Each structure stands twice: as C-alpha cells, then as structure tokens.
Amino acid sequence: MPSKTRQKKEASSEASREVYPRVRKTVNKAKIKAMTKSSDAKSDDRILIWRLAKGLGQCFLALLVVVSILSLTACTKARSRFEPGVLRVNLGTEPPGLDWHTATDSTSFDVVSNLMVGLTQYTNDLTCAPSCAKNWEVLDDGKRYLFHLRDDLRWTDGKPVTAYDFEYAWKRLLNPATAAQYAFFLYDVVNARDYNTGKLKNADLLGIKAVDPLTFEVRLSKPAAYFIYLTAFCVSFPMRKDVVERYGDRWTEPENFVTNGPFKLKHWQHEYKMELSANPQYFDGPPKVKLVKMFMVPEASTAFALYENDELDFIDNRSFSTPDVERFRSSPEYQNYPLLRANYLAFNVSKKPFTDPLVRKAVAMAIDRSIFPRILRRGERPATSWIPPALPGYSPDSGLKFDPVQARALLAQAGYPGGKGFPKAELLYPNRDDVRLTVEATQDELKRNLGIEIELVNQEWKVYLATVRKDAPPMFRNSWGADYPDPETFMNLFTKDCGNNDTKWWSPKYDQLIQSAEGELDTKKRADLYRQADVMLCREAVPIVPTFLATQNIMVKPWVKGIAINPLDLQFFKAVEVGGQ
Amino acid sequence: MIALILKRILLAIPVLLVVASLTFVLVRIVPGGPFDADKNLPPEIIANLNAKYHLDKPVPEQYFLYLGRLAQGDLGVSYKYVNRTVNDILSDAFPVSLQLGTISLSLAVLVGVPLGAIAAVCRGRKEDVIAMFLSTLGISVPGFVIGATLIFVFAIELRVLPVGLWESPWHVVLPAVTLAFSPAAYLARLTRASVLEIVEKDWVRTARSKGLSQWSTVTKHILRNSLIPVVTVLGPLTAIVITGSFVVEYIYAIPGMGRFFITAVMNRDYDLILGTTLVFAVLLIIANTFVDVAYQILDPRMRIED
Chain A
1 MPSKTRQKKE ASSEASREVY PRVRKTVNKA KIKAMTKSSD AKSDDRILIW
51 RLAKGLGQCF LALLVVVSIL SLTACTKARS RFEPGVLRVN LGTEPPGLDW
101 HTATDSTSFD VVSNLMVGLT QYTNDLTCAP SCAKNWEVLD DGKRYLFHLR
151 DDLRWTDGKP VTAYDFEYAW KRLLNPATAA QYAFFLYDVV NARDYNTGKL
201 KNADLLGIKA VDPLTFEVRL SKPAAYFIYL TAFCVSFPMR KDVVERYGDR
251 WTEPENFVTN GPFKLKHWQH EYKMELSANP QYFDGPPKVK LVKMFMVPEA
301 STAFALYEND ELDFIDNRSF STPDVERFRS SPEYQNYPLL RANYLAFNVS
351 KKPFTDPLVR KAVAMAIDRS IFPRILRRGE RPATSWIPPA LPGYSPDSGL
401 KFDPVQARAL LAQAGYPGGK GFPKAELLYP NRDDVRLTVE ATQDELKRNL
451 GIEIELVNQE WKVYLATVRK DAPPMFRNSW GADYPDPETF MNLFTKDCGN
501 NDTKWWSPKY DQLIQSAEGE LDTKKRADLY RQADVMLCRE AVPIVPTFLA
551 TQNIMVKPWV KGIAINPLDL QFFKAVEVGG Q
Chain B
1 MIALILKRIL LAIPVLLVVA SLTFVLVRIV PGGPFDADKN LPPEIIANLN
51 AKYHLDKPVP EQYFLYLGRL AQGDLGVSYK YVNRTVNDIL SDAFPVSLQL
101 GTISLSLAVL VGVPLGAIAA VCRGRKEDVI AMFLSTLGIS VPGFVIGATL
151 IFVFAIELRV LPVGLWESPW HVVLPAVTLA FSPAAYLARL TRASVLEIVE
201 KDWVRTARSK GLSQWSTVTK HILRNSLIPV VTVLGPLTAI VITGSFVVEY
251 IYAIPGMGRF FITAVMNRDY DLILGTTLVF AVLLIIANTF VDVAYQILDP
301 RMRIED
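Going down the list, the protein sequences come from chains A and B.
Each residue of the first sequence is one higher than the one before, starting from 1 at the first, in the numbering used here.
Each residue of the second sequence is one higher than the one before, starting from 1 at the first, in the numbering used here.
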C-alpha cells in the first residue's frame, strides 16, 4: 500500500484537504502527530477508528449526561419514602374487567371489593355483617329472604341506592345475554336456572323482587344455609340500569362508572395502573386514605424491588418470589395469613390401579404433607382433610395421616407388595414452578415409602385443563379456592353433577349428605353432616388426597396501618392509614 | 419507487389474508378454549358465553364472520378483557411499544454499526476482539439477565434510575438499553462480516489505488455497500422491536403490546391473538417496503432491476 499519509502531508490532494482540517478540529494535536509519525495505513485506520469510536463515545456521553441530569433531578427532589394518604399497591395484572357480572378473577374482585358494597359484607373472621342491608329476615324455613336496606345509601353520582338496583343487577346476572360465568351462584333462586339457560323467557317469574325502594325479597327453590354468604360476594352487588344501558360496554370506564363503595374509580390506564379515590358519600364515612394507586407489575422480582425502593407500600404473593420470602421472613414488615385455597392430588378412579380404594388409601398414607411447606417455604399449612380448619365441619381426624408402614401394608393387600407389579402411573400437572416442586416431592415420597414409580407429565395450563376435563390421567394435581366462607364451596365439588369433579368418583350417600347439609339450618347438625362427608371423602373412598392449604404472604411498610387479609384473599383498603406513624 | 410501493400494498392484501387464515386455524387447533378455568363452568353458562362470542357457530361461519369484520377494520373483542375490543387494547398498547422500540432501535443502530465497522477495519487486532466479545455477550446473554443486572446496579445499588414503571423520561433509559442490547450486538456482527467481504472487492482496491483516504474509502465505498445486509435485517428487526418485547415489558412493568404475544395465546384469547399477529404482519410488510426503498437508494443497480 502506498504511503498515503506522507502523500497527503506533502501534496495538496483533494482527499488530504478533506480529511485533515476536519481531523484537526476534532482530534488533539498530539494524537495527530503520533498518527502522522506512524506508518501509513495503520495511522489512517486509527483516524477512522478514532472517528467511529468518537461517534460512539458521544452517543454514550449524551446518554450519560441525560441520565445524570435526570437522576440528579430525582435526587434533588429528595423523594419522600411515602405519600401521606396515598396507598401504593401492586395488582400484578390488568383486571380483566370491572363489570362484576362478567368478571371472574381475583384481580378484578380485589378492585371491585373496594369500589362496591352489597347487601352484606365479609368480615375478616368469616362472618357476614350488614352493609347495604341494615338487617334481613329468613322466612318460610329458609326459602325466603327479606332484606331491609339503609336509607342513607348513595351512588357516587348522588342518586340513592335502592332495592330496584339489586333487582336489576340480579336479573341481569341471570340473563343469558349477559353470559355471566358466575350466574350459577344464584341458581338456588326460584326459576333462576331455567331463566339462565333460556328455558324460561320471562324474568318476572324469577324469585327476585324489589318490594319497595328499601325492601328486597329473594325466594329460593330450596333452603340454602350458605345463601347469605352469596349476598356479600361481588357478583351480587347492585347495579345502575340507566348507566349500564347508556354506556354499553364502556360503562366501567372511569368517566362513566357509578359505584357505591368506599372508593371510586378515578383513573384507569389499561395494563399499567388504576387510581381509586376516596368516596366522600360512602355511607360508613370516607376511607382514611385519599387515594389508592394500583400498579400492574407482572414480574414479582420487579414489584419486590419497587417495594424495597419505597415505590410500593404493600405487596402480597403476586410480588413475592420464594427467595424474597426467605430473606424477609424475620422482618417486622412480613406477615403470613392462611387462605381458603386447598391443594390436592386427585385420582381418576376409573383408571387402574386407582380403581382400588386400597391403593388410593396407600398413596394418601405414604405422603408426608409436612414436606410441602419445607419445599415451597411460604408457610403452607399441611392438610389431610378437605374442609379447612377455619370452616364448620373441620376435624383433624377426618383424613388419613402419614403412616408409611400402614401404607405399605395396604398396598400389599391390594396385590402390590413392596410396589412389585405396580404399573407406572402418570401424574399430570400444570406447567408452573411451584407445582412442579410439589409433584416432584410427591413422586419421591411414593418411591421411597411405597416403592412405586410415578411418571410426571406437565402441560401448559389450558391444555392441562382440557386434558383433565376430557379424560383425566390416573393422577393429577389440582387446587380449589373458596368463593365464600362455607364448607359447601369445597364439599359440593365431589358431587355427581358438579362440573369440576374430574375424579369420576361419586357416591349416592355422599350426594345425599351434601344435599341434606345444604338445606340444614341448624349450624351444629349441618357441621356434623359435612364432617361425615369429609370422612367419606378423605378416609373411606379417597378419590382425592388433600395436601396443603395455601397462604398469603404480605409485606407492609411501617407507615401503613390497618392492612388485614381476609381468608378469601380479598383485600379491603377502607380502614388503611398511610403516614400516621 | 412509487410503483414499487403500490405493488407492495397490493401484495400485502393476499399476504395478510393468508396470515389471518393460518392463525385462525392454528388457534382453534390448540387444545383448551378461552373459557377453560380452574373452576369448570356449568354447560349452560358455557353455551351462553359461546353464543355471546359466536363460538357456537360452525368454524367456517366463524371464519367468514371474522373476515367480514376484519374488512371493516374491526379486529374483534377480547374474551379475557371483557368489554374491551382488540382495537382498544392494541391502540392503548402499541404507542408505548412504538416509543420504546424506536429509541431502542436507534440506540442499537448507533452503537451496533460503528462497533461492527471498527471490528472489521481492525480485523484481528485488540479492537476487533473487544468489539466481538461485546457483541457475543449481547447476543448470548438473554434480555431478562441484562434487565435484572441493570435494575440491580442502577436502580437498587446506585439508586440513580427507577426500577420499573412508565412514568417519566428517565423510566425509559433502562428498558431501552436492555431492549437495544441484542439488536446492537447482532448488527455489529453483521456489519463486521459485511465490511470484511466488501473490503476485498475490486472497486475498493480501485478507490485506494486512486489515492482516496481511508476515511473516504470506508465511509463512501465500503460502509455504504456493506449496509445492504444490515438494512435487510433492519426490516424484520424494526417490526420485532417496535411491537414490543414480552421480557422487557414484563420486567420493567411497561404497558406495551409485547406481552400480548404470549398472554393472548396462554388465555386462548382468539381475536387478540389474531389482532397481534396481524399488526405484526402489517408492520413487517411496511418495514420490508422501506427496506426495498432503502436498497434503491444505497445501490443504484437495484433501481435498474426494478
């Protein structure tokens, strides 16, 4: 290659005129000197690299300057650790909808529970307290309810809340055109099922009626002792006919939304955040915080980092990863609450070898439930019975306890001594990390205590649901969360006609027990009926093996007071205070 | 050039029809439906839901209904986000992804191309090794590791930038850098390979032999020609980056549309799956049209061919 640098230096070629003045402007002289002294092409390369690198450097420098200015502004503002009267929480995801007739998930219900109140209200000790209804009468042996409404109830637009709003809401819930997934909640109401399924067209024949603006009457087709709990659940909240009809699908957007609870929807940036402001017209007095900011941070570690950086005041399971629980277990900010959500291992009793109750019992007795909290480390409560301890009918002795010796004896009795000849059975589970840990532990327990091999099969969530419903494998892992605080929500699951009973097991005796319990108004007798059914389910027939109850793990900043978790996992922010240390 | 653009627009119609049809069929083949949940619903309720969303009709009828709506620009309704249309969801989310994607892409080009050029010019020297080490790192380290590391260093340890959320301009910095990392690395490698190839060409030798400086040779002759493959990948890359990244949006809690590519499928939200796929296809077509126009500007031979 010719010695171009020298040429440029000596001659006045076009190229040299082009390059050098520019280089002189930008590159320091010492550098140019060094470059010109060095040998030809290499120095030209260096100029090029220098320019390119300089371009790059400038980009980074600009970025650095912007970042520094921004962070400086942020720092000089001396951001306080909390905003007095403002609660910042993480919802995790976008609520799929705030129309409480079509909403089905806990995120939506968490928001709706703070925007609306119904006839009654759940307390944290699982009873139903009066709310819109100041009192109610149970008539005709539990087949007729008469609710007397308060006269000081107001919607956020100032109009009074009346029994007609309840009548409209309940009829809309049952209207097939609404396609409400929770419509079955009111199937105990006279003619409700027929109307919802289109067999009956006239809504006036439903057992729902506003007697006058302050009296709401409900007639049931059979006594249902759990019915009062349904009046506190989101789907039974009142609704404004004029608003729904006027705004159609957009009636839940902040500019149109009319509610009657402690908060009102101020702002909703979809997929990002919601802001709930205090409702000064709330009958029970406005809440103590003026604003609740609900962010939708899907990634737990990010939400946790936001909490650590004082950008969130309160976080729950949605914002916790297991290592975070471990790290903060001894922190005064950490709290753990039991939930009414039970996990279980289910058998398809129509598939061998689980057609034999002895085999199912052996499996139930071979699993040490205490391993689950040790693996999942979120304070899970081991369970052997299906009814959780907080509910009537619970007995610690209903289920089969861990007893590997007895388990092996039962398996031998079933024809598989020491697990010999036991066919390799499939255990299906949905593809989730925590579930994988529990089924792996189950597999290990069964191998160690019974000598049987279980094959683990995982499927994506919806594929798993479709498989279990269509033709469940011999074993599968499942869970169930209570909709209301009554044993019925758990026990009804394994009746013959329940759409969620994928075990293929049913018994006329069990169905009879549940039916009797549903109509029994004597609480003691009712609890006893459920206890008998629980024994049948977990000790005699064993179509399922309850494993553990889930818990809610929360962290609350010291400047937040009054956060309490309901076992139904509902979060009420009405009584929360921020900043009153 | 206008003829080329018109031709592309006309060609886009059958392409989109094929994309919509294939996606329509594929989402219905996957097991599980939009209303499957851990709490199984009574058959009557499922029937009500299917009737509301026309899922009770035969699949061919559903298909033609869908195409009819599509022709009017209606992407349908979401089964998961009740009362929200796919048009609503995407028009809320797309501007966010577009904003973040444009910044990231600019960053990627500004860093990646010069880095690749430096590496090629200094082939085999320490500059090359450093540049290629950085680009290999950028390609092989996944976005969630980069994101988590940046959050840890800048947000938690140094506390100079926010952990996440989408509130102010400084909330854009970390997600933009995370999103730019991989494309920048990819562009750097591509530029390097391309420059190395062009350097050997006859016209480069001619340029040098007539006494052109290294700077002019590289910028006017080498880089311009070696940008052709870079521009080629920039088409799909643009569509990918501006439609959002699931990982980046997830870890920084950004309300973009990238998340729907995953969550819509998980929820079997049929119309939303189709909507996101079609938006992606349209952007890909637009980006590729730009690429073709850019070809003509960069390489005069292409104009003759066309």
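In this text, a Cβ means the ideal position worked out from N, Cα and C, and glycines have one as well.
Fair warning: this is a prediction, and the values are worked out from it, not measured in the lab.
Could you name the residues of the stretch 281-301 of chain A whose beta carbon sits closer than 9 Å to any beta carbon of chain B, in the order they occur along the chain? Answer in chain order: F295, M296, V297, P298, E299 and S301.
Would a check of beta-carbon distances place B/F35 closer than 9 Å to chain A? By one-based count along the second sequence, residue 35 of chain B stands at place 35. Chain A has a Cβ within less than 9 Å of the Cβ of B/F35.
Let me know if A/K77 comes out buried or exposed under the rule of 16 or more other beta-carbons within 10 Å of its beta-carbon. For the purposes of this step, residue 77 of chain A is taken as residue 77 along the first sequence, with counting starting at 1. The pLDDT assigned to A/K77 is 48, lower than 50, so where the model puts this residue is not dependable, and the model offers no usable value.
So for B/V291, helix, strand or coil by DSSP? In the second sequence, the residue the question calls residue 291 of chain B occupies position 291. Helix at B/V291.
Can you list, in chain order, the residues of its chain with a C-beta nearer than 6 Å to that of A/I565? Leave out the 5 residues immediately preceding and following it. For the purposes of this step, residue 565 of chain A is taken as the residue at position 565 of the first sequence. The beta carbon of A/I565 sits closer than 6 Å to the beta carbons of Y337 and Q552 from its chain, once the five residues preceding and following it are set aside; these are given in chain order.
Enumerate in chain order the residues of its own chain whose CB-to-CB distance from A/A133 is below 7 Å, with the five nearest sequence positions on each side excluded. Numbered from its first residue, the first sequence carries residue 133 of chain A at position 133. Excluding residues within five positions, the ones whose Cβ falls inside 7 Å are L119, T120, F147, H148 and L149.
Coarse secondary structure for A/S39, derived from DSSP in three states: Within the first sequence, residue 39 of chain A is the residue found at index 39, counting from 1. Residue confidence is low: A/S39 scores 48 on pLDDT, short of 50, so the model does not pin down where it sits. Its coordinate-derived value is still stated next. A/S39: coil per DSSP, three-state reduction.
Nonlocal neighbours in the same chain, by C-beta distance under 7 Å from B/F154, ignoring five residues either side: For this step, residue 154 of chain B is matched to residue 154 along the second sequence. Only V160, L161 and L174 meet the Cβ criterion.
Against A/H270, what residues of chain B qualify as contacts under a CB-to-CB distance less than 9 Å, listed in chain order? Within the first sequence, the letter at position 270 stands for residue 270 of chain A. Y81, R84, D88, I89, D92, A93 and P255, listed in chain order.
Consider the Cβ of A/D249: report whether some Cβ of chain B lies at a distance smaller than 9 Å. For the purposes of this step, residue 249 of chain A is taken as the residue at position 249 of the first sequence. Taking CB atoms only, A/D249 has a neighbour in chain B less than 9 Å away.
Give the DSSP bridge partners of A/M555, in chain order. Residue numbering aside, residue 555 of chain A sits at position 555 when the first sequence is read from its first letter. DSSP, once it has assigned bridges, lists A/I315 and A/Y334 as partnering A/M555.
Within the same chain, show all residues whose beta-carbon is closer than 8 Å to that of A/Y187, passing over the 5 residues directly before and after it, in chain order. Against the first sequence, residue 187 of chain A aligns to sequence position 187. Answer for A/Y187: R193 and N196, listed in chain order.
Please confirm if A/E577 has its CB atom under 9 Å from at least one CB of chain B. Locating residue 577 of chain A in the first sequence gives position 577, counting from the first residue. No, no contact with chain B.
Length of the line joining the Cα atoms of A/T104 and A/D110: Position 104 of the first sequence, counting from 1, holds the residue named residue 104 of chain A. Position 110 of the first sequence, counting from 1, holds the residue named residue 110 of chain A. Approximately 11 Å between the Cα atoms of the pair.
According to DSSP, what are the bridge partners of A/F263? Residue mapping note: residue 263 of chain A aligns to position 263 of the first sequence, counting from 1. A/F263 is bridged to A/A278.
Could you pull out every residue in the same chain whose Cβ sits closer than 7 Å to the Cβ of A/Y168, ignoring the five residues on either side in sequence? Counting from one through the first sequence, the residue named residue 168 of chain A turns up at place 168. Only M239 and K241 meet the Cβ criterion.
Backbone secondary structure at A/L411 - three-state DSSP: Residue numbering aside, residue 411 of chain A sits at position 411 when the first sequence is read from its first letter. Correct three-state label for A/L411: helix.
Cα-Cα separation between A/R329 and A/D433, rounded to whole angstroms: In the first sequence, counting from the first residue as 1, residue 329 of chain A sits at position 329. In the first sequence, counting from the first residue as 1, residue 433 of chain A sits at position 433. About 21 Å.
Could you tell me which of A/M491, A/K557, A/T107 and A/R318 sits nearest to A/I511, measuring between CA atoms? The residue you call residue 511 of chain A lines up with position 511 of the first sequence. The displayed chain sequence assigns Asp, not Ile, to residue 511 of chain A. Nearest option by C-alpha distance: A/M491.
Do A/T102 and A/A179 have their C-beta atoms within less than 9 Å of each other? Counting from one through the first sequence, the residue named residue 102 of chain A turns up at place 102. Counting from one through the first sequence, the residue named residue 179 of chain A turns up at place 179. Yes, Cβ-Cβ distance for A/T102 and A/A179 is below 9 Å.
According to DSSP, simplified to helix, strand and coil, what is A/D204? Counting from one through the first sequence, the residue named residue 204 of chain A turns up at place 204. A/D204: helix per DSSP, three-state reduction.
Here's a check: name, in chain order, each residue in its chain whose Cβ is nearer than 7 Å to the Cβ of B/L227, leaving out the five neighbours to either side. For the purposes of this step, residue 227 of chain B is taken as the residue at position 227 of the second sequence. Excluding five sequence positions before and after B/L227, the CB atoms of its chain that fall closer than 7 Å to its own CB belong to L298, given in chain order.
Boundaries (first-last residue) of the beta strand (DSSP E) holding A/Y168: Translated into the one-based positions of the first sequence, residue 168 of chain A becomes position 168. For A/Y168, there is no enclosing beta strand (DSSP E); the residue is found in the alpha helix (DSSP H) stretching over A163 to L174.
Strictly below 7 Å CB to CB, what residues from chain B border A/T197? As a working note, residue 197 of chain A is residue 197 in the first sequence. Within chain B, the residues near A/T197 are E44.
Since A/N114 and A/F573 are thought to touch, with beta carbons under 8 Å apart, how far apart are those beta carbons, to the nearest angstrom? For this step, residue 114 of chain A is matched to residue 114 along the first sequence. For this step, residue 573 of chain A is matched to residue 573 along the first sequence. A/N114 to A/F573, Cβ: 5 Å. Contact.
Nearest-angstrom Cα distance between A/L400 and A/T503? Stepping through the first sequence from its first residue, residue 400 of chain A is reached at position 400. Stepping through the first sequence from its first residue, residue 503 of chain A is reached at position 503. Distance between the alpha carbons of A/L400 and A/T503 is about 18 Å.
Do you know offhand how far A/V614's Cα is from A/S106's? Nothing about residue 614 of chain A can be reported from this structure: the residues present for chain A run from 1 to 581 only.
Just grab the DSSP bridge partners of A/H148 for me. Stepping through the first sequence from its first residue, residue 148 of chain A is reached at position 148. Among the bridge pairs identified by DSSP, A/H148 is matched with A/N135 and A/T215.
Looking at the unbroken beta strand (DSSP E) that takes in B/S226, where does it start and where does it end? The count along the second sequence starts at 1 and reaches residue 226 of chain B at position 226. Element bounds for B/S226: not the beta strand (DSSP E) but the alpha helix (DSSP H), R224 to I242.
Proximal residues, the stretch 450-461 of chain A versus chain B, C-beta separation under 9 Å: Q459, E460 and W461
Can you list, in chain order, the residues of its chain with a C-beta nearer than 8 Å to that of A/R341? Leave out the 5 residues immediately preceding and following it. Taking the first residue of the first sequence as position 1, residue 341 of chain A is located at position 341. So the list reads S479, W480, G481, A482, L549, A550 and D569, once near-sequence residues are dropped.
Best match in A/L87, A/R531 and A/L521 for proximity to A/V590 [C-alpha to C-alpha]: Because chain A here runs from 1 to 581, residue 590 of chain A falls outside it and cannot be looked at.
Would you verify that the beta carbon of A/G499 is, or is not, closer than 9 Å to some beta carbon of chain B? Position 499 of the first sequence holds residue 499 of chain A. Chain B contact via Cβ: present.
Does the beta-carbon of A/K199 have 16 or more other beta-carbons within 10 angstroms, so that it is buried, or is it exposed? In the first sequence, the residue the question calls residue 199 of chain A occupies position 199. A/K199 is exposed by the Cβ-count criterion.
Beta-carbon within less than 7 Å of A/I208's beta-carbon, same chain only, minus the 5 sequence neighbours each way: which residues are those? For the purposes of this step, residue 208 of chain A is taken as residue 208 along the first sequence, with counting starting at 1. Same-chain partners within the cutoff: E167, W170, K171, V189 and V218.
Looking at A/M294 and A/K264, is the spacing between their C-beta atoms short of 9 Å? Sequence index remark: in the first sequence, residue 264 of chain A carries index 264 (1-based). Sequence index remark: in the first sequence, residue 294 of chain A carries index 294 (1-based). No, the pair does not count as a contact, with Cβ atoms beyond the cut-off.
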